[in-house]
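Numbering (my numbering), first residue to last: 163 to 317.
We put the CB at the ideal spot given by N, CA and C, even for glycine.
Quick caveat: nothing in here was measured; it's all calculated off a predicted structure.
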């Protein structure tokens, strides 16, 4: 669920927004095959995540003789409320004593940011082009950089 507000002042657009996302995930139990004597039976896993996002997007419209260019910039702060380290329990299928092996996941980062910038253009004759970049910042052991681009033509 999210809310935002678009503020326009001449060619400048300022869009502050807030969002709240909930996710419940389940991974069914499963049994490995193909590793005679070393196959594991892994228990079911459940997890919940509740994240807030507070962000702002800025854009500016440049009218040119050949069309319109709109550069944009965005930054967002994410906070995780629920997700935490969880135990993953497994047993060797061939173990008649049924001893439990437990591995723990890392605690997720509670706070991290996203940063994005890009531009879109609309040219005479119906040609539209866009290119955007987004990076994840401050999330331990994760590097995420993404580019998206596209072209659309009316005919």
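Under 8 Å between the Cβ atoms of residue i and residue j?
i: residue 269; j: residue 247; result: yes
i: residue 298; j: residue 306; result: yes
i: residue 232; j: residue 221; result: yes
i: residue 295; j: residue 280; result: yes
i: residue 315; j: residue 228; result: no
i: residue 165; j: residue 184; result: no
What's the gap between the Cα of residue i and the Cα of residue j?
i: residue 241; j: residue 167; result: 21 Å
i: residue 309; j: residue 208; result: 32 Å
i: residue 245; j: residue 186; result: 10 Å
i: residue 234; j: residue 289; result: 19 Å
i: residue 173; j: residue 194; result: 59 Å
i: residue 276; j: residue 181; result: 14 Å
Relative to the C-alpha of residue i, which residue among the options is closest?
i: residue 272; options: 164, 281, 214; result: 214
i: residue 217; options: 314, 278, 302, 286; result: 278
i: residue 203; options: 261, 212, 192, 211; result: 192
i: residue 201; options: 182, 263, 225; result: 263
i: residue 251; options: 177, 283, 189, 164; result: 189
First and last residue of the beta strand (DSSP E) that includes residue i?
i: residue 200; result: Unbroken run through residue 200: none, as it is neither H nor E.
i: residue 268; result: From DSSP, residue 268 is part of no beta strand (DSSP E); its letter is neither H nor E.
i: residue 288; result: Careful: residue 288 lies outside any beta strand (DSSP E) and carries neither H nor E.
i: residue 183; result: 174-189
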